[in-house]
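Those protein sequence lines, which keep their order, are chains A and B. Taking my numbering, the leading residue of the first sequence gets 1, the next gets one more, and so forth. Taking my numbering, the leading residue of the second sequence gets 1001, the next gets one more, and so forth. First up is the structure itself, then whatever we jot down about it.
2 protein chains.
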Amino acid sequence: MSDRRALLPDWVVPVCPENVVLDNHAVIVAGERIEAILPADQLEQKAPDVPIQRLAGCALIPGLINVHAHSAMALMRGLADDLPLMRWLEDHIWPAEQRWVGTEFVRDGSELAMAEMLAGGTTCFNDSYFFPDVTAATAAQVGMRAVVGLPVISLPTAWASTEDEYFSRGLEVHQALLSEPLVSTAFAPHAPYTVSDQAFERIRELAEEMDVPVHLHLLEAAGEIEGSKQRYGKHPLDRLDALGLLNNRLIAVHMTQLSESDMDRVARHGIHVAHCPASNLKLASGLCPVAGLDRRGVNVGIGTDGAASNNTLDMFAEMRLAALLAKGVSGDPEALPAARALSMATINPARALQLDDRVGSIEVGKQADLVAVRLDRLETWPVHHVLSQLVYACSRHQVETVWVAGQTVFDQGRLTHLDIDQLRAKAQEWQRRLKH
Amino acid sequence: MSDRRALLPDWVVPVCPENVVLDNHAVIVAGERIEAILPADQLEQKAPDVPIQRLAGCALIPGLINVHAHSAMALMRGLADDLPLMRWLEDHIWPAEQRWVGTEFVRDGSELAMAEMLAGGTTCFNDSYFFPDVTAATAAQVGMRAVVGLPVISLPTAWASTEDEYFSRGLEVHQALLSEPLVSTAFAPHAPYTVSDQAFERIRELAEEMDVPVHLHLLEAAGEIEGSKQRYGKHPLDRLDALGLLNNRLIAVHMTQLSESDMDRVARHGIHVAHCPASNLKLASGLCPVAGLDRRGVNVGIGTDGAASNNTLDMFAEMRLAALLAKGVSGDPEALPAARALSMATINPARALQLDDRVGSIEVGKQADLVAVRLDRLETWPVHHVLSQLVYACSRHQVETVWVAGQTVFDQGRLTHLDIDQLRAKAQEWQRRLKH
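So, in structure tokens, the structure goes:
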């Protein structure tokens, strides 16, 4: 059968179970799925006709999943840095968005972002931006898995003018994507301070009906709590609780302002946390207490945020930063060990996105979203421990081959579904436009 | 004249003055020195016979300087992680060192480290390890600039048995290196808790006489202060002050336990601080208040520490981490802007090492320690701001060509003075040995 092949790396890191490295094992891929994982010496007997793809010096890991992105903002990478949040937004990002955001911007920006993510071993991302239909179409075209957010915000934008219109356009996008195998949707209300009670209630109802996650910036910076108390007489968590939003559909992004009892509450309600360490540091928003959340069993995933506040979409860098920062912030060098950090970049985001039956680990029956990482490189010699090298020493430039649903999307420096020269030309054109 | 060439990148980032990017400029290198920096359109007239090396899509920056390394420990990269400092040292690092450290370990380990550093745009490093003669010889051989520490520690090691022997062996190394153009020395007393008053006094005298820096781990973790008070009745800074060590020869490494008045004191004495953000986070040692030191005019340089606690020797990653962490820790998003972070990886370490008359910036008369960084890559499109891309988005894998003293040491993936297959074989051999 022509669609079956055995991938034979030096090591398989299945992620589930956590902290396991299989030496001399092969992963058999049949079409879009993982059919078997077996010791290499059983290949001849159990899969005699299956062609073998040797991945010498490589570890095979599940595709990384970026649990919080604004992919189109790749075009604004480094447009403005080293500024306080509000000056950054009001003087730079928002004016640029107001002038330029539309289908062309979103298509070119999300294409650039997907190129960067795929080349760096990220096979799936959870997006929050305008024109999710365009992002979805681009993802389908380049063969990348995505969850596109249906934006809701009480401000008019090029995408929609009223809350009602955000809902109607969002529902249309959702409907149109029901048959798309790689792309699904989530509600993406912007933040408590930009979404009305009515809209939140509608999101709660619809999310349940449609069975989709709710992707929300929450407790990103200190001012948010005071603002909510003044406007609603309540802490944002109390307000969302009263509106029925605190449940296991919620992907709460940032969460840098958590008390111990807030953490208990997050755990009790099964809320997923999207941790964006680089962005939180860069904007000096605050620090997410990842070690404390992890200790309570909260499902924490790692995300890059947009390239305008990171300034990369590099999940290897983000994973390393998360692991280092958790130790430094908690004062506990045993916090967030390598294996857990890898889970937070794979199976945990899959759980938050309700995709863990399909991706996030190398398990029989799951989709073949896989990454071969070359550890046989100067930067990761010697390989005393595979997981340690993957998290603490490896960079995305050691990614050798990437598959999404069994399809090769990146191989030895080449993106198979994208034209790099065209990407460059578009980026240069946007560089020129955004200057003015 | 055959040893002159004009390097013509898209951008020259001289570092001195800070925050400057020169478009369309050429750097003329004559032998080991920078002879001129001039607008590209004056090349024909002012340097008509000089061959031009076009570096399209590249920024030319000064070679990065790693102000704190234990290079030979590259062989212990990832040997043990996610452990408290003392268990990490006592159960893993020290036993391995006791068994294996000698000339072969130091040669192979520092060679691997230098390969990694050069390929990543680091042209000079400040080392603290045993057998500095071996590290020095290796640096000279691979054409890398280095300052090797003359170790002093009140414990017997394979290098020396008594404090006296540390001094006599160290002085021999210093003497032997006086005529070596690329390598110089510093005293490298291990830490206040492992060096006697007598040894510190001798270091102060000799360092002045020999005109070399003093490279010391200082205030790395909280326990150090209490320990010093119990043993010496003094805070480590008071003890070192009384011994005459607090002056502008001192490179104080880590400095994670600083009060506001300690910072004033550091500034007053002109002490240089070596900031190692990844290592401090990973071992949960504490946080160096870089923004506060920088505000006081303290000369702060960035270092990787050893690969056993980082686990890379990646100055691009370290620079980015320093810039991000300074904002997060200080709560000020304007702290450590990109240009300052780049200074902390170039001219500031040069100052600490007393090498700023020779390296650390692209200035006429300085040594041609240069790095061409390809910004024309997916990961750094679009290039709205060169400095931002270099610090926040760029990775060491975008390094295209590296020169030390005018010699090409790395070019398009190839280390010109090192045999990569031999490096691999040695790393694999040490992987096997260190397992037991």
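Using N, Cα and C, we set each Cβ at its ideal position, and we do this for glycine too.
Should Trp94 (chain A) be flagged as near chain B, meaning a C-beta pair shorter than 9 Å? Working through the first sequence from its first residue, we reach residue 94 (chain A) at position 94. Closer than 9 Å: no.
Could you confirm whether any beta carbon from chain A is found closer than 9 Å to the beta carbon of Ile1420 (chain B)? Counting from 1 along the second sequence, the entry for residue 1420 (chain B) is found at position 420. Answer yes: the Cβ-Cβ gap between Ile1420 (chain B) and chain A drops below 9 Å somewhere.
Quick one: which residues of the segment 1215-1245 of chain B get their C-beta closer than 8 Å to a C-beta of chain A? List them in chain order. none
Residues bridged to Pro17 (chain A) by DSSP? For the purposes of this step, residue 17 (chain A) is identified with residue 17 of the first sequence, where counting begins at 1. The partner list for Pro17 (chain A) (beta bridge, DSSP) is empty, contrary to what the question assumes.
Proximal residues of chain A, C-beta to C-beta of Gly1078 (chain B) below 7 Å: To locate residue 1078 (chain B), count along the second sequence from 1; it is residue 78. Residues of chain A passing the Cβ test: His384, His385, Ser388, Gln389, Tyr392 and Ala393.
Hey, Leu1325 (chain B) and Leu1281 (chain B): beta-carbon distance below 9 Å or not? Taking the second sequence and counting its residues from 1, one reaches residue 1325 (chain B) at position 325. Taking the second sequence and counting its residues from 1, one reaches residue 1281 (chain B) at position 281. Yes, they are a contact pair.
For the beta strand (DSSP E) that Gln1407 (chain B) lies in, which residues bound it at each end? Residue 1407 (chain B) sits at position 407 when you count from the first residue of the second sequence. First-last of the beta strand (DSSP E) with Gln1407 (chain B): Gln1407 to Asp1411.
Looking only at its chain, what residues have a beta carbon closer than 8 Å to the beta carbon of Gly122 (chain A), apart from the 5 residues adjacent to it on each side? As a working note, residue 122 (chain A) is residue 122 in the first sequence. Sequence check: residue 122 (chain A) is Thr here, not Gly. Cβ within range, chain order: Gly63, Leu64, Ile65, Asn66, Leu313 and Met315.
Going by DSSP in three states, Ser184 (chain A) sits in which element: helix, strand or coil? The residue labelled residue 184 (chain A) in the question sits at position 184 within the first sequence. It is a strand residue.
Can you find a CB in chain B that lies within less than 9 Å of the CB of Ala307 (chain A)? Position 307 of the first sequence, counting from 1, holds the residue named residue 307 (chain A). It does: the Cβ of Ala307 (chain A) has a partner Cβ on chain B nearer than 9 Å.
DSSP bridge partner residues for Asp127 (chain A) (one or two, in chain order): In the first sequence, the residue the question calls residue 127 (chain A) occupies position 127. Partner(s): A:Ala69 and A:Val148.
In three-state DSSP terms, what is Val1142 (chain B)? Your numbering for residue 1142 (chain B) matches position 142 in the second sequence. Looking at Val1142 (chain B) - three-state DSSP - the assignment turns out to be helix.
Closest to Trp1430 (chain B) by CA distance: which of B:Met1073, B:Ala1115, B:Leu1118 and B:Leu1022 is it? Mapped onto the second sequence, residue 1430 (chain B) falls at position 430. Minimum Cα distance to Trp1430 (chain B) is reached at B:Met1073.
In whole angstroms, what is the alpha-carbon distance linking Arg1204 (chain B) and Arg1295 (chain B)? Position 204 of the second sequence, counted from the first residue, corresponds to residue 1204 (chain B). Position 295 of the second sequence, counted from the first residue, corresponds to residue 1295 (chain B). Their backbone Cα atoms lie some 28 Å apart in a straight line.
Using a Cβ-Cβ cut-off of less than 9 Å, give me the residues of the segment 1366-1383 of chain B that come near chain A, in sequence order. Asp1376, Leu1378, Glu1379, Thr1380, Trp1381, Pro1382 and Val1383
Taking Cβ positions only, does Trp88 (chain A) come closer than 9 Å to chain B? Translated into positions along the first sequence, residue 88 (chain A) becomes position 88. Yes, its Cβ sits closer than 9 Å to a Cβ of chain B.
Could you tell me which chain B residues have their CB closer than 9 Å to the CB of Gln431 (chain A), listed as they occur along the chain? Here residue 431 (chain A) is taken as the residue at index 431 of the first sequence, counted from 1. Under the 9 Å cutoff, chain B gives Trp1381, Pro1382, Val1383 and His1384.
In angstroms with no decimal places, state the Cα-to-Cα distance between Gly1233 (chain B) and Leu1219 (chain B). In the second sequence, counting from the first residue as 1, residue 1233 (chain B) sits at position 233. In the second sequence, counting from the first residue as 1, residue 1219 (chain B) sits at position 219. Between Gly1233 (chain B) and Leu1219 (chain B), the C-alpha separation is close to 16 Å.
Min CB distance Ala188 (chain A) to chain B below 9 Å: Within the first sequence, numbered from 1, the residue matching residue 188 (chain A) stands at position 188. Closer than 9 Å: no.
Kindly indicate the opening and closing residues of the beta strand (DSSP E) around Glu205 (chain A). Translated into positions along the first sequence, residue 205 (chain A) becomes position 205. Taken as a continuous stretch (DSSP letters only), Glu205 (chain A) belongs to no beta strand (DSSP E), being part of the alpha helix (DSSP H) at Asp197 to Met210.
Count the other CB atoms, across all protein chains shown, that sit within 10 Å of the CB of Trp94 (chain A); report buried if there are 16 or more and exposed otherwise. Numbered from its first residue, the first sequence carries residue 94 (chain A) at position 94. The residue in question, Trp94 (chain A), is exposed, as its Cβ has fewer than 16 Cβ neighbours within 10 Å.
Neighbour-count burial assignment, Lys1426 (chain B), 16 or more Cβ in a 10 Å radius: Taking the second sequence and counting its residues from 1, one reaches residue 1426 (chain B) at position 426. Answer is buried; the Cβ neighbour count reaches 16.
Quick check on Gln141 (chain A) - is its C-beta less than 9 Å from some C-beta in chain B? In the first sequence, residue 141 (chain A) corresponds to position 141, counting from 1. Not an interface residue.
Assign Lys366 (chain A) to one of two classes, buried (16 or more other C-beta atoms within 10 Å of its C-beta) or exposed (fewer than that). Position 366 of the first sequence, counted from the start, is the residue given in the question as residue 366 (chain A). Looking at its Cβ environment, which holds 16 or more other Cβ atoms inside 10 Å, Lys366 (chain A) is buried.
Measure from the alpha carbon of Leu1043 (chain B) to the alpha carbon of each residue in B:Gly1057, B:Val1021, B:Leu1079 and B:Arg1004, then state which is nearest. Taking the first residue of the second sequence as position 1, residue 1043 (chain B) is located at position 43. Answer by Cα proximity: B:Arg1004.
Residue interval of the beta strand (DSSP E) (run including Arg1005 (chain B)): On the second sequence, residue 1005 (chain B) is found 5 positions in, with the first residue counted as 1. Here the beta strand (DSSP E) through Arg1005 (chain B) covers Arg1004 to Val1012.
Cβ closer than 7 Å: which chain A residues qualify as neighbours of Ala1119 (chain B)? Translated into positions along the second sequence, residue 1119 (chain B) becomes position 119. Within chain A, the residues near Ala1119 (chain B) are Leu378.
Using a threshold of 9 Å, state whether the C-beta atoms of Val383 (chain A) and Leu375 (chain A) are closer than that. Mapped onto the first sequence, residue 383 (chain A) falls at position 383. Mapped onto the first sequence, residue 375 (chain A) falls at position 375. The answer is yes: Cβ separation under 9 Å.
Please report the straight-line C-alpha distance between Met1001 (chain B) and Gln1412 (chain B), rounded to a whole angstrom. In the second sequence, the residue the question calls residue 1001 (chain B) occupies position 1. In the second sequence, the residue the question calls residue 1412 (chain B) occupies position 412. Low confidence applies to Met1001 (chain B): its pLDDT is 46, below 50, so where it sits in the model is not reliable enough to give any reading.
Within 9 Å (strictly less), CB to CB, does Met1001 (chain B) reach chain A? Stepping through the second sequence from its first residue, residue 1001 (chain B) is reached at position 1. In this predicted model, Met1001 (chain B) has a pLDDT of only 46, less than 50, meaning its place in the structure is not dependable; the value taken from the coordinates is given anyway. It does not: the Cβ of Met1001 (chain B) has no partner Cβ on chain A nearer than 9 Å.
Are the beta-carbon atoms of Pro189 (chain A) and Ser228 (chain A) separated by less than 9 Å? Along the first sequence, read from residue 1 onward, the residue named residue 189 (chain A) stands at position 189. Along the first sequence, read from residue 1 onward, the residue named residue 228 (chain A) stands at position 228. Contact: no.
If contact means a Cβ-Cβ distance below 7 Å, which residues of the segment 1265-1287 of chain B contact chain A? Ala1278, Asn1280, Leu1281, Lys1282, Leu1283, Ala1284 and Leu1287
If I measure Cβ to Cβ from Ala393 (chain A) and keep anything under 8 Å in the same chain, skipping five residues before and after, which residues do I get? The residue labelled residue 393 (chain A) in the question sits at position 393 within the first sequence. For Ala393 (chain A), where only same-chain residues beyond five positions count, the Cβ hits under 8 Å are Glu379 and Thr380.
Are the C-beta of His1397 (chain B) and some C-beta of chain A separated by less than 9 Å? Numbered from its first residue, the second sequence carries residue 1397 (chain B) at position 397. Closer than 9 Å to some Cβ of chain A, the Cβ of His1397 (chain B) qualifies, so yes.
Are the beta-carbon atoms belonging to Pro84 (chain A) and Leu283 (chain A) less than 9 Å from one another? Indexing the first sequence from 1 puts residue 84 (chain A) at position 84. Indexing the first sequence from 1 puts residue 283 (chain A) at position 283. Yes, these two residues count as a Cβ contact at 9 Å.
Under a Cβ-count criterion, where at least 16 other Cβ atoms within 10 Å of its own Cβ denotes burial, should Val212 (chain A) be classed as buried or exposed? Here residue 212 (chain A) corresponds to residue number 212 of the first sequence, with the count starting at 1. The residue is buried, with at least 16 neighbouring Cβ atoms inside 10 Å.
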